[in-house]
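In the order they appear, the protein sequences are chains V and H.
Numbers in the numbering used here are just positions in the first sequence, counted from 1, shifted up by 164.
Numbers in the numbering used here are just positions in the second sequence, counted from 1, shifted up by 920.
Virtual Cβ for every residue (Gly too), placed ideally from N, Cα, C.
Worksheet: one structure, shown below.
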Amino acid sequence: MDTPEDIQFANTLRVLNASASSIPPGLSARVFQASVVHLPNQEIAGRIGSRTSFQWKAAAAILILVGGSILAWQTSSARDRSTCDDRSLALVLEASASSSGDENFIGLASAQGAGFDDLDFEMRSILPAGQAGR
Amino acid sequence: MQDSDDEEFDREFLARAAKGDAVAWRVVVEYWSPRIFRYLRSNTRNEELAEEITQSVFCTIARKLADYVEQGHFESWIFRIAINRLRDEMRRRKLHARPMDSDIMADIAPQKVAEETAAPEELRALRDAMDQLPDLDREIIDLRHQGGMTFQQIAVLLAEPMGTLLARHHRAIRKLRDLMRRHMGDSA
Chain V
165 MDTPEDIQFA NTLRVLNASA SSIPPGLSAR VFQASVVHLP NQEIAGRIGS RTSFQWKAAA
225 AILILVGGSI LAWQTSSARD RSTCDDRSLA LVLEASASSS GDENFIGLAS AQGAGFDDLD
285 FEMRSILPAG QAGR
Chain H
921 MQDSDDEEFD REFLARAAKG DAVAWRVVVE YWSPRIFRYL RSNTRNEELA EEITQSVFCT
981 IARKLADYVE QGHFESWIFR IAINRLRDEM RRRKLHARPM DSDIMADIAP QKVAEETAAP
1041 EELRALRDAM DQLPDLDREI IDLRHQGGMT FQQIAVLLAE PMGTLLARHH RAIRKLRDLM
1101 RRHMGDSA
């Protein structure tokens, strides 16, 4: 369809354009660098990397939560026990201060809900050696 | 332009690149990026912008490569992406562009001015003539002579019947030749 003249002109056009169509140095390398990370498996590798990282973070978070819960639970029970012990101790001290008789001591402590085992322990740990057995 | 060897080349390296083979991807980039860049630079007349769009085109290709089935249409595909990117960019720039005095433009584009003065007279005439062509004619000329595409590929790419495309190209070349002659005659 093109006449020989047209073809010759098209060639001239190509030559002229080619003369001004030098490629900037490093173009392909820069294009490669910018695009290679988007290749399918490179992205999958990236996603696996982030998933692993996410899994580690999630596992660490769960561990912290579980650890925190256990610690909180233990602290809470210790506090409860400590409150009970403190109360028993206060009762024992109060009883020993207000009464010199074992009956009053045991009666008062029992009235506050302390068990005999508690009382035995408290008495042994507080009263001087020999007195607890009276 | 593309013969069976080229298609085989595309098929092999694209398949490998689609599996994440960076070496194969480098071969694809080295083969195609100069053509895409030349086509874009011819349109934008701006080397940096042409490179920016070229990078964007190859990022898109890399992302979509896994879903691409090579059937000898890679050339059309890559040029279609390049054309779409170019149009988007031109539209965006037109939206943000402000009318400027040509002297100011000359001041802020010393590289272009230097290139223009260094270029042969015919090249300047050619650029001026290209600027006067309708968009579609210029696109056909650029795809054929800068992008190095076959008429068949251009026909697929632009969704034009082959006969129409050849006729357009013929008319565009004639128009270009007349414009260049006029320009050279004026400047002589």
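Check                                                                                                                                                                      : Outcome
CA-CA distance, Arg931 (chain H) and Ala937 (chain H)?                                                                                                                     : 10 Å
At 9 Å on the CB atoms, spell out the chain H contacts of Ile228 (chain V), in chain order.                                                                                : Going along chain H, no residue has its Cβ under 9 Å from Ile228 (chain V), so there is no contact; the nearest lies around 36 Å.
Does Ser192 (chain V) have its Cβ less than 9 Å from a Cβ in chain H?                                                                                                      : yes
So with CB distances below 7 Å, who are the chain H contacts of Pro168 (chain V)?                                                                                          : The contacting residues do not exist; Pro168 (chain V) stays about 12 Å from chain H at best.
What separation, rounded to the nearest whole angstrom, lies between the Cα atoms of Leu985 (chain H) and Val948 (chain H)?                                                : 12 Å
Below 6 Å CB to CB, which residues in the same chain sit around Phe957 (chain H) once its five sequence neighbours on both sides are set aside?                            : Ala970, Thr974
For Gln975 (chain H), go through chain V and note every residue whose CB falls closer than 8 Å to its CB, in chain order.                                                  : Arg194, Val195, Ala198, Ser199
Would Phe933 (chain H) be called buried (16 or more neighbouring beta carbons within 10 Å of its own) or exposed?                                                          : buried
In this structure, how does DSSP classify Ser192 (chain V) when only helix, strand and coil are distinguished?                                                             : helix
Would you check if the distance between the CB atom of Arg1091 (chain H) and the CB atom of Asp1057 (chain H) is smaller than 9 Å?                                         : yes
Tell me which residues of the segment 939–950 of chain H have at least one Cβ-Cβ distance to chain V shorter than 7 Å, keeping chain order.                                : Lys939, Gly940, Ala942, Trp945, Arg946, Val949, Glu950
Hey, Phe173 (chain V) and Ile981 (chain H) are a contact pair by Cβ (cut 8 Å); roughly how many whole angstroms apart?                                                     : That pair is no contact at about 33 Å.
According to DSSP, is Gly232 (chain V) helix, strand or coil?                                                                                                              : helix
Quick check on the burial criterion: 16 or more other C-beta atoms within 10 angstroms. Buried or exposed for Trp237 (chain V)?                                            : exposed
Cα separation between Arg1007 (chain H) and Asn205 (chain V)?                                                                                                              : 30 Å
Considering only C-alpha positions, which residue in the set V:Leu177, V:Leu227, V:Pro188 is nearest to Glu1111 (chain H)?                                                 : This structure cannot settle anything about residue 1111 (chain H), because the visible part of chain H is limited to 921 through 1108.
Please list the terminal residues of the continuous alpha helix (DSSP H) segment that includes Ser186 (chain V).                                                           : First-last for Ser186 (chain V): undefined, no H or E at that position.
How long is the line joining the alpha carbons of Met945 (chain H) and Ala1087 (chain H), rounded to whole angstroms?                                                      : The question names Met, but residue 945 (chain H) in the sequence shown is Trp. Looking at the two C-alpha atoms, the distance is approximately 37 Å.
Under 8 Å by Cβ, that's how I've got Ser962 (chain H) and Gln1073 (chain H) pegged, so tell me the actual separation to the nearest angstrom.                              : Actually they are not in contact, since the Cβ atoms of Ser962 (chain H) and Gln1073 (chain H) sit about 17 Å apart, beyond 8 Å.
In angstroms with no decimal places, state the Cα-to-Cα distance between Val195 (chain V) and Val989 (chain H).                                                            : 22 Å
When we look at the beta-carbon of Glu928 (chain H) and count the other beta-carbons within 10 Å, is it buried (16 or more) or exposed?                                    : exposed
Can you name the residues of chain H whose CB is closer than 8 Å to the CB of Leu177 (chain V)?                                                                            : Leu1046, Ile1061, His1065, Ile1093, Leu1096
For Phe1179 (chain H), which residues of its own chain have a beta-carbon under 8 Å away from its beta-carbon, when the five flanking residues on both sides are left out? : Missing from the structure shown is residue 1179 (chain H); chain H here goes from 921 to 1108 and no further.
So which of V:Ile171, V:Val230, V:Ser199, V:Leu227 has the shortest CA-CA distance to Ser976 (chain H)?                                                                    : V:Ser199
Let me check understanding here. Comparing Cα to Cα, which of H:Lys1095, H:His1103, H:Leu1099, H:Ile1060 lies closest to Met1082 (chain H)?                                : H:Ile1060
Quick one: using the 10 Å Cβ neighbour count with 16 as the cut-off for buried, is Leu1096 (chain H) buried or exposed?                                                    : buried
Taking Leu177 (chain V) and Leu1046 (chain H) to be in contact with their CB atoms under 8 Å, please state how far apart those CB atoms are, rounded to whole angstroms.   : 7 Å
Closer than 8 Å, Cβ to Cβ, to anything on chain V: give me those residues from the segment 1069–1085 of chain H, in chain order.                                           : none
Suppose contacts are defined by Cβ-Cβ distances below 9 Å. Is Ser953 (chain H) in contact with Leu191 (chain V) by that definition?                                        : yes
Comparing the C-beta of Pro204 (chain V) with each C-beta of chain H, is any distance below 9 Å?                                                                           : yes
By the criterion of Cβ-Cβ separation under 7 Å, what are the contact partners of Ile187 (chain V) in chain H?                                                              : Pro954, Phe957
Please confirm if Arg1102 (chain H) has its CB atom under 9 Å from at least one CB of chain V.                                                                             : no
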